[in-house]
Structures are given as C-alpha cells and as structure tokens.
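For the sequence shown, our numbering begins at 4 and goes up steadily by one. The C-beta atom is built at its ideal place from N, Cα and C for all residues, glycine as well.
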Amino acid sequence: MILHLDMDAFFAAVEQRDNPALKNRPVVICGNSPRAVVSTASYEARQFGIHSAMPLFQARQRCDHLVVVPAHMEKYAGDSKKLMAIISQFTPLVEPVSIDEAYADVTGCENLFGPVLVIAKKIKQAVFNELSLTCSIGIAPVKFLAKIASDMNKPDGLTHISREQMPQVIKNLPIQKVPGVGSQAMTRMAALNIHTLGDILRFDANLLSRKFGKFGIRLFELCRGIDDTGVQPRALRKSISSETTLAADISDFDAAKDILLAQAGQVGRDLRKKNLVCRSVSIKVKFSDFTQITRTQKTQDRICSSEAIFEHALSLFKRLVLKKKIRLLGVGVSHLQSTDAPVQMELIQPAGHRTKKNWESVDRAVDSIFDKFGRDMVTPAVLKPSTAKLLKKGDKMTQTTCVKALVSGKVQGVFFRMETRKAARKAGVAGYVRNLADGSVEAVFQGSPQQVDQMVQWCRNGPPAARVDQVATQKISALPGCDSFEIRH
Ligand code: DCP
Ligand code: MG
4 MILHLDMDAF FAAVEQRDNP ALKNRPVVIC GNSPRAVVST ASYEARQFGI
54 HSAMPLFQAR QRCDHLVVVP AHMEKYAGDS KKLMAIISQF TPLVEPVSID
104 EAYADVTGCE NLFGPVLVIA KKIKQAVFNE LSLTCSIGIA PVKFLAKIAS
154 DMNKPDGLTH ISREQMPQVI KNLPIQKVPG VGSQAMTRMA ALNIHTLGDI
204 LRFDANLLSR KFGKFGIRLF ELCRGIDDTG VQPRALRKSI SSETTLAADI
254 SDFDAAKDIL LAQAGQVGRD LRKKNLVCRS VSIKVKFSDF TQITRTQKTQ
304 DRICSSEAIF EHALSLFKRL VLKKKIRLLG VGVSHLQSTD APVQMELIQP
354 AGHRTKKNWE SVDRAVDSIF DKFGRDMVTP AVLKPSTAKL LKKGDKMTQT
404 TCVKALVSGK VQGVFFRMET RKAARKAGVA GYVRNLADGS VEAVFQGSPQ
454 QVDQMVQWCR NGPPAARVDQ VATQKISALP GCDSFEIRH
C-alpha cells in the first residue's frame, strides 16, 4: 500500500503556528513588490477565493483584511526535514517529492505498526505532536491514486481508496485531477468527449498514443488502475568530481601532479561533507587538440581521505602515455556509499590501515579549518604558488554563455524564485529570475557553458514544491556588467 502525505497550507500554517496573532486569520505568504504573487494562502484566506500564484493585488481586492507575511524559507526547510524524518520512522521507502509532500510505501510494515489506516493515523499524530502542524494523507494501492486521495479531504484529511473501490473512483475522477493533464491536454480531451479518467477506457492504446504521444500510453494504463512507478527513495549521488580547464596547456608531469593533488583535496572535502565514502576513483584528461580520455580504478576498500584519492588518481595518471599537451584535468570518485553503511570488517587489518585512518583524521582537521577560515588557509605543502595560479587563472578563462529559460508549470511564487537564486549563487552563475504575467517564469543564466547547463537542468527537475511542465531555452547575448544572480520584480 502506498501513502501520500501533503502538509496543509504549509508556509501559512508554519507562520500561524509561530505567531498566535495570525491564527484563524486570512493570511498569504507573499513578497512585497507591486507585482508579487501569492505563494500560499491559509484556509481562512481560501474562503475568499485566494490561492497560490494569484497576484497579490487581486488577493487584496478579494479580502480587505488580508494579512501579508513574507516567506521564511529556512524555517520551512527545517520543518520539511523534520517531516521527512518522521515518515522515515515508519518505513525506509520514503520518496520526498516537494518541500511539503512525500510518498511512502508501507507494504510489509503492518507487523510493526498495525494496519495501513492505523499507520497513517500514527504518522498524522506524530506530525502534529512534533511540528504542531496538520497534514492530509491519501492511501491507495498505486501511487497516482494515493496522491489524488490526499487531496480529497483537505485540510487534516485521511482518505483510503481500497483496491475494490479503484474502478469506481477512476470512473468518476475528473480528468484535470490526473497528474500531467494540463490545460492543452484538457482542450484536446474535451474534443474527444473525455471528462473523467473512466472515459479513457473507451479508447484503444493506438489512438491514445496518436493523440497524446507517450502520455497517451500512460493514460491507457492509469484508467485501468495500472501505475507501476513505485516509491523511489531519493537516490544517492552517483559521483563527485572536480575538473579545471588550465590557464595554459601544460606538458610538465610535476605541474599535472600538483593539480591532481588540489583536485583530490576538493573531491575529498565534498565527499566528507556529505558523509560519503567511495569505491572507485577516476581521472579525466583533455588534450590541446580537444581529444579526451578517462581512466577509472576500483579502490580496495571504502575511502574518503584526500590522500588516498590522490594516490589512486596519480597511479592512473602515471600509466598514461603523454604525447600532447594537457588542456584540462579532472579527478572524480564514484560508487558512493554513506559512511553509515555497514562494512565487512577484516579480521587482520591490512598493512597501511593505521596510516589510512591517520590521513582521515588529518583531513577532518583540515576540513574544519577550511570551514572556519576559508579555502586559502591550508594548502598541501607541495602545491606551489605557480600551480595555484594555473588553477585560479583557469577558472576565469572559461568562456561565458548566456541562456534565457522560460519555465512553465506550477512555478510562480516566491519559493521558486528564491530557490533558483540560491541554486544559481551556489553554482556561481550570474543573471536573474522573474515572474511573467502569463504564469511562467523567465530566468537568465550567465556563466561557463557547464554552469549554465547545470542551472537549466536544475530548472527542468524543478525545486521542491514546483511542478515544471516545460523549459524552453534560447541563447542570448551576454548581460553587460552582470556578476551576481538577482530576483527581478
Ligand atoms: N508554493 C509556492 N508557490 C506555488 C505553490 C506552492 O511557493 N505556486 C509553496 C507554498 C506552499 C508549499 O509550496 O505552502 C506547498 O505547496 P502545496 O501545493 O502543497 O500548497 P499548500 O501546502 O500551501 O496547500 P495545500 O493544503 O493545498 O497542500
Ligand atoms: Mg501542501
């Protein structure tokens, strides 16, 4: 059985919880500019017809005593983290889908916590006890119906669709409630006289695929209650890497070695910060003629020390026959595991075990100095200033690209813009993000092609709480004098 949990009026409920003066009042979470749109509305405000993505001026027209509260994202992110931890106490199969929403597969958990309805009630109680917030839960044998069920009795709802009830629910389910059915699909469906999911049963797979492409096949399955997507716990990151296009092409072995050392340090720090260890190390080398090679080797045991990563990278590098100058160098690690994952202990510790442990403690000490005082405070003794120069200049040499992305879907609201700015700043990308009048969002990203690609991909995946339907991109000329990432109104 699959359970879908969604918090009620999440941002607004958090504000009402933390400020008793807001209780039982029509509250919207919103920025303060004249073009601001509502992130969410408390259930009291919804009685006036106010909803997410509505321009603030319209919301004010509908309710003259509306209370407008600015967003406090860190607070919501903190509650979201606690929420996911609560659900994980009942099953390891938890798939967070947005800041206030998750699927959980509770199949097989009945022996521990009781029947599925009891589990859902226990989760609701735990959420209320620990966060003083209410949520709505839907239970169904398949994922898409669990999500639909959680929305059926909001707020503070609990809805169970049993296998026997599925055909009846599907027969009457308004087609616009089916995830993925947007306004364009709706128009085409109306032309075919499709108003409920059950209406799709009249059509064969060929016709549906002709009319709606891949989504047509999904509809063919959904109307028969088939949805084998399953709950997918958030996948662990697959790899971490650091690569640098050098300021000038090099052929000197020692210079290359120093660069690998600096990169192994960076990768090791990232790995340890995320409490991960790796089982393989790779290097990437791009030559002056733009040809490139990668080489990978498995490590004997799980490593996270920069020294061990460097040793592996160097041994891979030494095996290369270098006939051309080097333009780019990179070190990466993969086959990642959490440091908490169980390890098969060996009875006799292999030679070098103590040294490895010692290096790991040196690394952790250096990491904490980095965190406190910044990256230039500690450098491996062999890293000569000349190498540092090569690396720093290399970063600046990368060419700049500027791309405009038009993002449509459920993306308006302060949350999307703030999260995009956060991600862009983290990626070191300049540009801006703003809401457009038609309900879509315009973002301009300026940086290296790799950084810009990363941000476009980020938009496609969408930040938590957004539902991105489409991202259209267009290369534009660079924004002069733009060196940070801003939210525009
Ligand atoms: N959000 C946003 N912009 C939007 C939609 C949502 O910033 N266009 C934010 C505010 C919401 C949160 O995401 O509180 C969760 O989104 P939901 O769609 O789950 O909406 P709510 O939790 O606010 O209300 P509901 O009770 O309908 O789930
Ligand atoms: Mg919600």
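{"query": "If you draw a straight line from the C-alpha of GLU438 to the C-alpha of SER42, how long is it?", "result": "The displayed chain sequence assigns Asn, not Glu, to residue 438. Using only the alpha carbons, I get a separation of about 12 Å."}
{"query": "Would you check whether the ligand MG has a heavy atom nearer than 8 Å to the C-beta of MET87?", "result": "no"}
{"query": "Enumerate in chain order the residues of its own chain whose CB-to-CB distance from ASN22 is below 6 Å, with the five nearest sequence positions on each side excluded.", "result": "none"}
{"query": "Three or more C-beta pairs closer than 8 Å, one from the region 402-416 and one from the region 454-470: is that the case here?", "result": "yes"}
{"query": "What first and last residue would you give for the beta strand (DSSP E) that runs through THR476?", "result": "470-478"}
{"query": "Could you tell me the distance, in whole angstroms, from the CA atom of ALA105 to the CA atom of LYS413?", "result": "17 Å"}
{"query": "Sorted by chain position, which residues of the same chain lie with C-beta nearer than 6 Å to THR297's C-beta, five sequence neighbours on each side aside?", "result": "SER285 and LYS287"}
{"query": "Using a threshold of 9 Å, state whether the C-beta atoms of PRO158 and SER139 are closer than that.", "result": "yes"}
{"query": "Thinking ALA74 and PHE418 are a contact (beta carbons under 8 Å), I'd like their distance in whole angstroms, please.", "result": "7 Å"}
{"query": "Could you pull out every residue in the same chain whose Cβ sits closer than 8 Å to the Cβ of ASP11, ignoring the five residues on either side in sequence?", "result": "TYR46, LEU136, THR137, CYS138, SER139, LYS157, PRO158 and ASP159"}
{"query": "With 16 other CB atoms within 10 Å as the buried threshold, where does GLY434 fall?", "result": "buried"}
{"query": "Would you check whether the ligand MG has a heavy atom nearer than 8 Å to the C-beta of GLU104?", "result": "yes"}
{"query": "With DSSP collapsed to three states, give me the class of LYS150.", "result": "helix"}
{"query": "Going by C-alpha distance, which of ARG470, GLN477 and GLU489 is nearest VAL436?", "result": "GLU489"}
{"query": "Grouping DSSP H, G and I as helix and E and B as strand, with all else coil, what is GLU104?", "result": "strand"}
{"query": "Taking buried to mean at least 16 other C-beta atoms within 10 Å of its own C-beta, is GLU113 buried or exposed?", "result": "exposed"}
{"query": "Please determine if the region 167-179 and the region 108-125 are in contact, where contact requires at least 3 C-beta pairs separated by less than 8 Å.", "result": "no"}
{"query": "So does PHE13 have its beta carbon nearer than 8 Å to some heavy atom of the ligand MG?", "result": "yes"}
{"query": "Do the CB positions of ALA475 and GLY450 come within less than 9 Å of each other?", "result": "no"}
{"query": "If contact is defined by three or more beta carbon pairs under 8 Å, each pair taking one atom from either stretch, is the region 322-340 in contact with the region 243-257?", "result": "yes"}
{"query": "Please confirm if the region 304-312 is in contact with the region 269-285, defined as three or more CB-CB distances below 8 Å between the two stretches.", "result": "yes"}
{"query": "Please work out which residues of its chain come closer than 8 Å, Cβ to Cβ, to LEU263, disregarding the five sequence neighbours upstream and downstream, and give them in chain order.", "result": "ILE286, PHE313, ALA316, LEU317, PHE320, LEU332 and VAL334"}
{"query": "The ligand MG and ASP9: does any heavy atom of the ligand fall closer than 8 Å to the residue's C-beta?", "result": "yes"}
{"query": "What beta strand (DSSP E) runs, 3 residues minimum, are completely inside the region 127-177?", "result": "138-143 and 161-163"}
{"query": "When the Cα of PHE60 is compared with those of ALA143, ASN35 and ASP472, which residue comes out closest?", "result": "ASN35"}
{"query": "Do the CB positions of SER337 and THR299 come within less than 9 Å of each other?", "result": "yes"}
{"query": "Hey, LEU6 and ALA149 are a contact pair by Cβ (cut 8 Å); roughly how many whole angstroms apart?", "result": "6 Å"}
{"query": "How far does the beta strand (DSSP E) with MET10 in it extend, from its first residue to its last?", "result": "5-10"}
{"query": "If you draw a straight line from the C-alpha of ASP486 to the C-alpha of ALA446, how long is it?", "result": "15 Å"}
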